Amino acid sequence: MTKKRDDRAKKPAATYPAREPWTPVERTFLAVALFVALVLRLWHWHAMAPHPWFDFLGLDAKYYDEWAQRLLRDGWQGKTPYFMGPLYPHLLSIVYSIFGRSLDAVRVIQVVMSTGTVALIHLLGRQYGGRKLAMICSGAAALYAPFIYYSVSILYPTLTIFLATAILLLLHEAARRRALAWTAAAGLLLGVYALGRGNILLFAPAAFFWLISAWGDPFAPSRRRWRAGLPAGIALAAATVVAILPATIHNARTGDFAFLTTNGGLNFYIGNGPMATGGHQTPELYLDRADGSVETVVADLQKDVECRTEAEYAVGHPLSYTEVSSFWFRETMRWIRKDPGHFVSLLVMKTVHFWSTYEIPQIEHFGYFRRYSPPIAGPILGFGVVGPLALVGLFFSLRRPGRFALPILFVLFYSASIVLFFVLARYRLPVLPGLILLAGQAAIEIVDALRARRPLPAAAMIAGAVVLGVAMRANPYGVDESKGIAQILYRQGIVADALGDPREAIGHYRDALALKPEYDKAHLNLGVDLARVGDLEGAERHLRTAAEIDPQYSRAPYNLGLILEQQGRWDDARAAYARAVEIEPRYLIARVALADLAIQQNDLGVAAEQVRAVLDYDDRWETAQHDVARTRAAKIAAFLDGRAALADTGAGDCFVASETFRRAEVARLRDDVDGALGLLRTYFENGGACAEAYRSLGEILLLQSRDLAAAADAFQRAVTADGTLPGARLGLGLVAAMSGRADDAVRWLSEEARLDPKSPSPCLELGLVYERLLDDPDRAEVWFARYRERGGDPELLRGRRAYAAARRPDAS
Numbered sequence: 097m098t099k100k101r102d103d104r105a106k107k108p109a110a111t112y113p114a115r116e117p118w119t120p121v122e123r124t125f126l127a128v129a130l131f132v133a134l135v136l137r138l139w140h141w142h143a144m145a146p147h148p149w150f151d152f153l154g155l156d157a158k159y160y161d162e163w164a165q166r167l168l169r170d171g172w173q174g175k176t177p178y179f180m181g182p183l184y185p186h187l188l189s190i191v192y193s194i195f196g197r198s199l200d201a202v203r204v205i206q207v208v209m210s211t212g213t214v215a216l217i218h219l220l221g222r223q224y225g226g227r228k229l230a231m232i233c234s235g236a237a238a239l240y241a242p243f244i245y246y247s248v249s250i251l252y253p254t255l256t257i258f259l260a261t262a263i264l265l266l267l268h269e270a271a272r273r274r275a276l277a278w279t280a281a282a283g284l285l286l287g288v289y290a291l292g293r294g295n296i297l298l299f300a301p302a303a304f305f306w307l308i309s310a311w312g313d314p315f316a317p318s319r320r321r322w323r324a325g326l327p328a329g330i331a332l333a334a335a336t337v338v339a340i341l342p343a344t345i346h347n348a349r350t351g352d353f354a355f356l357t358t359n360g361g362l363n364f365y366i367g368n369g370p371m372a373t374g375g376h377q378t379p380e381l382y383l384d385r386a387d388g389s390v391e392t393v394v395a396d397l398q399k400d401v402e403c404r405t406e407a408e409y410a411v412g413h414p415l416s417y418t419e420v421s422s423f424w425f426r427e428t429m430r431w432i433r434k435d436p437g438h439f440v441s442l443l444v445m446k447t448v449h450f451w452s453t454y455e456i457p458q459i460e461h462f463g464y465f466r467r468y469s470p471p472i473a474g475p476i477l478g479f480g481v482v483g484p485l486a487l488v489g490l491f492f493s494l495r496r497p498g499r500f501a502l503p504i505l506f507v508l509f510y511s512a513s514i515v516l517f518f519v520l521a522r523y524r525l526p527v528l529p530g531l532i533l534l535a536g537q538a539a540i541e542i543v544d545a546l547r548a549r550r551p552l553p554a555a556a557m558i559a560g561a562v563v564l565g566v567a568m569r570a571n572p573y574g575v576d577e578s579k580g581i582a583q584i585l586y587r588q589g590i591v592a593d594a595l596g597d598p599r600e601a602i603g604h605y606r607d608a609l610a611l612k613p614e615y616d617k618a619h620l621n622l623g624v625d626l627a628r629v630g631d632l633e634g635a636e637r638h639l640r641t642a643a644e645i646d647p648q649y650s651r652a653p654y655n656l657g658l659i660l661e662q663q664g665r666w667d668d669a670r671a672a673y674a675r676a677v678e679i680e681p682r683y684l685i686a687r688v689a690l691a692d693l694a695i696q697q698n699d700l701g702v703a704a705e706q707v708r709a710v711l712d713y714d715d716r717w718e719t720a721q722h723d724v725a726r727t728r729a730a731k732i733a734a735f736l737d738g739r740a741a742l743a744d745t746g747a748g749d750c751f752v753a754s755e756t757f758r759r760a761e762v763a764r765l766r767d768d769v770d771g772a773l774g775l776l777r778t779y780f781e782n783g784g785a786c787a788e789a790y791r792s793l794g795e796i797l798l799l800q801s802r803d804l805a806a807a808a809d810a811f812q813r814a815v816t817a818d819g820t821l822p823g824a825r826l827g828l829g830l831v832a833a834m835s836g837r838a839d840d841a842v843r844w845l846s847e848e849a850r851l852d853p854k855s856p857s858p859c860l861e862l863g864l865v866y867e868r869l870l871d872d873p874d875r876a877e878v879w880f881a882r883y884r885e886r887g888g889d890p891e892l893l894r895g896r897r898a899y900a901a902a903r904r905p906d907a908s
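Going by the numbering used here, the sequence shown wraps up at 908, each residue one higher than the last.
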C-alpha cells in the first residue's frame with residue numbers, strides 16, 4: 097500500500113510539467129523577456145506619441161472615451177441598455193476619476209498589463225510543456241508585434257489578451273487541483289471578459305464540458321469524470337453569471353431588457369448582410385418598395401453608431417434599443433434564407449481572413465503605422481510565423497488530443513465566435529496565447545526531431561509550416577490593403593482639420609481618394625476644406641460626388657447648400673437643404689438653414705414649419721449640433737413672432753419689398769454682424785430708407801457693436817421715417833439708459849409702452865431705469881408688475897434685476 101501511494105505521489109511530477117523546479121536559467125530568461133517586453137512597448141509609445149493623430153480618437157476608441165467621461169459626469173446609472181460591452185469604458189472612468197482624463201495614464205496601465213501577459217503566457221507554457229515551452233512562449237509574447245502595437249491603443253485588445261490568458265491558466269489549475277475556488281475565479285474572469293466582449297460566451301459551454309471531463313487530470317479529459325466534475329461545472333457557470341449580472345440588472349432597470357448588450361443584431365448584419373466583405377463594413381439596407389423598386393439606405397456610423405436611424409426609417413416608427421438589434425438580426429436572417437449559399441461562402445471567406453497574415457484594420461492599421469515605430473518595423477514576429485507553426489503544433493497535438501484540449505477548444509470556439517460575425521485584426525488577438533502555446537510546441541517537436549537525427553519528420557514539419565505560411569499570405573479574395581490605408585489617411589485629414597490646418601487636411605483627403613475614389617466621406621470633407629481655402633468650384637464638385645456615391649448621405653447636400661449660398665445661388669441652396677432634411681428629418685441644423693433661406697425668400701410659412709420641427713424635436717437621438725440648432729430656432733421663432741406682430745400693425749412693407757434687407761435680417765439672425773452691416777449699407781446706398789432697416793441697423797449698433805451714438809442716429813431715423821414703428825423708441829430709450837440719461841430714457845420708453853401696448857419689453861426697461869437710475873423702487877415695481885401682466889418672463893426679470901444690482905456701486 098505504501099508503495100502504491102509513493103507511485104501516485106511521483107506521478108504528478110511527470111504528468112504536470114508545471115511542477116518542474118524553477119532553474120536560474122529560467123528565472124533569468126523570464127526576467128529578460130519581461131524587461132525586453134517593457135522596453136519594446138515603451139519604445140513604441142515614444143515613437144508614436146509625437147504624431148498629432150496619436151491622441152486623436154475615432155470610432156470605437158472615441159465611443160469608449162466619451163462613454164467614460166459621461167460615466168464620470170452623470171454616474172454609472174445610465175438610462176439606456178448597454179449597446180457595447182461596458183467593461184472597458186467603466187475601467188477608463190475609474191482611471192479618469194483618479195488621474196483626470198489622461199490617456200497616458202491608461203497607456204501606462206496597459207503597457208504594464210501587456211508586460212504582465214508575458215509572465216502569464218510563461219506560466220501557461222509551463223503548465224503544458226515545462227520550462228522549455230514556457231521560455232519559448234514568454235519570448236514570443238514579448239516580441240509579438242501586434243501585442244506591442246495595441247498596448248498603447250485606447251481599445252480592448254490588451255485587456256482581453258490578459259484576461260484570456262488568465263482564464264486558460266485558472267481553468268487548468270482548477271482542474272488539476274480539483275479546487276472550486278480556482279473554478280470560481282475562472283468563472284468570474286470569464287464573466288468579466290464577457291462584459292467587454294460577449295463573444296467569449298460561445299466558449300463557455302466548451303469550458304464547462306472540458307472542466308467536468310478534466311476534473312482531476314487536465315491532460316486526460318474523460319466522460320467518466322463528469323459526475324465528479326459536475327459541481328465544478330456548476331460553480332464555473334454560476335460565477336460567470338454572477339459577473340455578468342450587474343450588466344443584466346442595469347439593462348432590466350432601463351425598461352429595455354437585454355442580457356448583455358444590444359449590438360449583436362447589428363454586428364451579425366455587418367458580417368453577414370448583403371454588403372458583407374468579411375471585415376467591418378458600413379451597413380447597407382436594401383428596401384423593397386411597393387412600386388417594385390429597391391431603395392438603398394447606407395448607414396452613417398459617424399452620426400448614429402447604433403444604426404437606429406436606418407432601422408426606424410425602414411419600419412416607419414420608433415424602436416427601442418433591443419428592437420433595433422432584433423430588426424438587424426431579422427434582416428440578416430432574411431438575406432440568409434434568400435441566399436444560403438452566399439452565407440456559407442461568407443463563412444468560408446471569414447475563416448480564410450481569420451487565418452490570413454494580413455491584419456485586417458478598422459480604427460487602427462497595423463501595417464500602415466509600422467512605418468512610424470522602429471520596434472514593429474522591419475522583420476518582426478507576427479502572425480505569419482505564429483499562425484503556421486500553431487497549425488503544425490495543432491496537427492501534432494492530435495497524437496495526444498487530451499493534453500492540449502483546453503487551448504485547442506479555446507482557439508476553435510473563440511475563432512468561430514469571430515467568424516460568425518466579422519473579422520478584424522484586433523478581434524483575433526485573444527486566441528494568440530493558445531496559438532503561441534501550440535506554435536511553441538511545434539518548435540520543440542522540430543528541434544527534438546533534428547536532435548534525434550530524424551530528418552524526415554523535421555523536414556515534414558518545416559515544409560508544412562512553410563506551405564501553411566505561403567497559404568496564409570495568399571490573397572484569394574483580392575483584399576485591397578490600400579482601402580484600409582485610405583481610411584487611415586482620411587482620419588489623418590480629420591486630425592489636421594481639428595488642429596485648424598485645412599490645407600494639410602486637403603492633402604490627406606486627396607491621398608485617401610487616390611487609393612479609394614469611391615470614398616464618399618473623403619469627398620465630403622475635401623469639399624468642405626476646399627471651400628475654406630476659397631476653391632468653391634472644387635468644393636461643389638466633390639460635394640456633388642459624395643452625394644452621387646451615397647444618395648442617402650444627408651451631410652453632402654447640407655454642405656453643398658452652404659457652398660451654393662456662398663455663390664449666391666439661393667434657389668439651389670434651398671433645394672440642397674430641403675434634400676438634406678428629406679433624407680434625414682432629424683437633421684436639425686439643416687432645418688435651421690432651410691428656415692433661414694425661406695426667410696430670405698419671404699416664405700415665412702416654411703420657415704415657421706422648420707422652426708417648429710426643431711423646437712418640438714424630442715427624439716432620443718441627439719448630436720452636439722442639436723443644441724446649436726435649438727438656440728438658432730428659438731431666435732428665429734422670436735423673429736417670426738415679431739414679424740407677425742409688425743404685420744398686425746400694417747407695417748413690414750420694407751421686408752417684403754427688399755431681398756437685400758431680408759438677407760441682412762438673416763445675417764443678423766446668424767450673428768454675422770459684419771455681413772448684416774454690409775448688406776444694410778448696400779441697401780441704403782441703393783436708395784433704401786425704410787424705418788425697419790434703420791431700426792435693424794440701430795439694434796446691431798447698440799447690442800452688438802456698442803456704438804451708442806450711431807445707434808441713436810439710426811433709431812432716430814427710424815422714428816422719423818415711421819413714427820408708429822414698434823421698437824424704434826425702445827432702442828432710443830435703451831441708448832439713453834446706457835448713457836445715464838434717465839429722463840430721456842423714461843420719455844422714449846413710456847412712448848414705446850403706449851405705442852405697443854402688448855409688448856412687455858418697454859415695461860421691463862422702464863422698471864430697471866426707475867430702480868437703477870432714479871432710485872425709485874415703488875415706481876419700478878409698478879412697471880415690473882405691468883411687465884408680468886403683459887406676459888413677460890419672470891426668470892428674465894429676475895436675471896436682469898440681479899445683473900443691474902451687481903453693476904451698481906457699493907456705497908458702504
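Even for Gly, the Cβ is constructed at its ideal location relative to N, Cα and C. Computed from a predicted structure; not experimentally measured.
Have a look at the DSSP bridge pairing and note the partners of residue i.
i      : result
Leu381 : Val393
Leu477 : Tyr240
According to the Cβ coordinates, are residue i and residue j closer than 9 Å?
i      : j      : result
Phe179 : Gln377 : no
Gln696 : Arg759 : yes
Phe125 : Gly212 : no
Ala302 : Gly498 : no
Leu199 : Asp170 : no
Leu711 : Ala729 : yes
Gly560 : Leu487 : yes
Ala709 : Leu684 : yes
Pro681 : Ala741 : no
Gly50  : Asp809 : Because the chain here runs from 97 to 908, residue 50 falls outside it and cannot be looked at.
Gly483 : Gly374 : no
Ala635 : Ala643 : no
Gly589 : Ala608 : yes
Ala238 : Leu130 : yes
Ala787 : Arg813 : yes
Pro853 : Leu845 : no
Glu188 : Trp163 : What sits at residue 188 in the sequence shown is Leu, not Glu. Their beta carbons are under 9 Å apart, which means Leu188 touches Trp163 by this criterion.
Pro526 : Ile190 : no
Arg569 : Ser452 : yes
Mind reading off the beta-carbon distance from residue i to residue j? Whole number of angstroms is fine, and I expect it under 8 Å.
i      : j      : result
Ile732 : Val707 : 5 Å
Arg587 : Trp149 : 7 Å
Phe423 : Val411 : 7 Å
Phe450 : Val515 : 6 Å
Please determine if the segment 452-468 and the segment 511-530 are in contact, where contact requires at least 3 C-beta pairs separated by less than 8 Å. yes
Threshold first: 4 residues or longer. Then list the alpha helix (DSSP H) segments lying entirely within the segment 684-768, N to C. 684-696, 700-711, 720-744, 749-753 and 755-765
When you compare the segment 523-539 with the segment 218-232, are there three or more beta-carbon pairs, one atom per stretch, that lie closer than 8 Å? Contact between the segment 523-539 and the segment 218-232 is present: 3 or more CB-CB pairs across the two stretches fall below 8 Å.
Where in the segment 412-478 do unbroken runs of the alpha helix (DSSP H), each at least 4 residues long, occur, reported from the N-terminal end onward? If we require 4 residues or more, the alpha helix (DSSP H) runs fully inside the segment 412-478 come out as 417-434, 436-450 and 462-465.
For the segment 615-625 against the segment 645-657, are there 3 or more C-beta pairs whose distance is under 8 Å? yes
Could you tell me which whole alpha helix (DSSP H) segments of length 4 or greater appear in the segment 477-524? 479-493, 501-515 and 521-524
If we count Cβ pairs, one from each stretch, closer than 8 Å, do we get three or more for the segment 672-679 versus the segment 417-427? no
Minimum length 4: unbroken alpha helix (DSSP H) runs contained in the segment 528-584: Taking only runs of at least 4 residues, the alpha helix (DSSP H) segments lying wholly in the segment 528-584 are 528-547 and 551-569.
Using 8 Å as the Cβ pair cut-off and three pairs as the minimum, do the segment 354-364 and the segment 173-188 touch? yes
Check whether the segment 392-399 and the segment 312-332 are in contact - that is, three or more C-beta pairs closer than 8 Å. no
For the pair the segment 275-293 and the segment 331-342, tell me if three or more CB-CB distances fall below 8 Å. yes
Completely contained alpha helix (DSSP H) runs for the segment 813-865, where each covers 4 or more residues: 824-834, 838-851 and 857-864
Please go through the segment 140-215 and give each complete alpha helix (DSSP H) segment of 4 or more residues, from N-terminal end onward. 155-170 and 183-195
Which ranges would you report for the beta strand (DSSP E) in the segment 642-676 if only whole runs of at least 3 residues count? none
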